[in-house]
Amino acid sequence: MDVRFLQSFVTVVDVGSLAEAARRLDLTPAAIAARLHALEEEIGVPLVRRAGRSVVPTEAGIRILERARQVIRDVRDMSTVASGDASLGEFRLGSFVTAMGSIVPPLLGRLYRRHPDVNLFVKPGRSIELCESLVRGELDAAIVVEPQFAVAKGYQWAEFIAEPLVVVAPAALAGQDPHALLATQPFIRYDRSVLGGQLADRYLRDHDIRPHQRLEVDGLMVIAALVSEGLGVALVPDWAPMWDGPLKIARLPLPDRAPVRRVGLIWATHGPRASLAEALLDEALALFRTTRA
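Position one of the sequence shown corresponds to residue 599 (this note's numbering), numbered consecutively onward.
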């Protein structure tokens, strides 16, 4: 049995679409369909069926889904197990996009000094997508914003950065009342499709603040640059890189207890690279405990 056919089956089930599975696997929809047909011929039963515009697993497909995931993980782990060194081999790490330029470089610098021979692959993406990739066996660990769902058995999440929401305002407005600024100044909203934006939206509603929205943006550094240009104020997680550059912005803590965006590592607790994921967490805890102290 070709493990690539299993990977195609699992991806189709996870995303519910031949076209989306083809995009993620860098194949054509026809190639994905051919792989599924070959797998069904080999197993002897249909594994997926169309339901409207989606593709869903049959009862047989559901029964083999978790076994297929495990086979994919086992095949990926085989070369590492054979080498006799469970801490090395290719380590596949995911990271949400904002962290790629701020958290990942210093963290990997520390990891390489501890494990100079490790072979790393880093995949950027949204936190929820990275968690899904981890469960599918495509990643060994991921740097994500705290999952808003129960972590599956066999996986663990641990926090290493806590970022309370703050008001970011042009430097000329430093010292002003943050709630008054949110209510009166043009508002640059953090994208509500990500957790930080959802936390900000909930805070505004809980405090009956109705901002005059100018635009909605996904990207903390972009938001900081827009604020620096005097285009408005924003309510965002207190992300350290915003304050390191030449931007003319001010940090205004919220008067009430601020919601917190928590960043951490999620990883598979079993398998040959679990110890490397735990070593990465140790380095993150040491690094950010020092820099945020």
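By construction, the Cβ of each residue, glycine as well, lies at the ideal position given by its N, Cα and C atoms.
Assigned with DSSP and collapsed to three states, Phe-747 falls in coil, not helix or strand.
With a cut-off of 8 Å on Cβ pairs, the segment 768–782 is not in contact with the segment 872–883, counting fewer than three such pairs. Of the candidates Arg-734, Asp-624 and Val-766, the residue whose Cα lies closest to the Cα of Tyr-753 is Arg-734. Rounded to the nearest angstrom, the gap between the Cα atoms of Leu-663 and Leu-634 is 13 Å.
Taken atom to atom, the span from the alpha-carbon of Ala-619 to that of Leu-728 is near 15 Å. As DSSP reads the structure, Gly-692 sits in a beta bridge with Lys-721 and Ala-740. Non-local C-beta neighbours of Ser-615 in its own chain, meaning closer than 7 Å and more than five positions away in sequence, comprise Ser-652 and Val-653, ordered along the chain.
Contact between Arg-812 and Gly-830 is confirmed by a C-beta separation of about 5 Å, below the 8 Å threshold.
The beta carbons of Arg-708 and Leu-885 sit about 6 Å from each other, so the pair counts as a contact at 8 Å. Contact between Leu-874 and His-713 is confirmed by a C-beta separation of about 7 Å, below the 8 Å threshold. In this model, Pro-704 and Pro-851 are separated by some 27 Å (Cα to Cα). The alpha-carbon separation between Arg-860 and Glu-640 amounts to approximately 45 Å. Spanning the alpha carbons of Thr-656 and Ala-739 requires a straight line of approximately 30 Å.
DSSP places Ser-606 inside the alpha helix (DSSP H), whose first and last residues are 601–613. As for any beta strand (DSSP E) of minimum length 3 sitting wholly inside the segment 765–791, the runs are 784–788, ordered along the chain.
Within the segment 798–830, the complete beta strand (DSSP E) segments of 3 residues or longer fall at 810–815, listed in chain order.
In the DSSP secondary-structure assignment, Glu-757 is bridged to Gly-862. When secondary structure is reduced to three states using DSSP, Ala-856 falls in the coil class, being assigned neither helix nor strand. If you draw a straight line from the Cα of Pro-853 to the Cα of Leu-637, it is about 59 Å long. Proximity of the segment 780–799 to the segment 831–841 meets the contact definition, three or more beta-carbon pairs being nearer than 8 Å. Counting along the chain, Leu-634 sits inside the alpha helix (DSSP H) bounded by residues 627–641.
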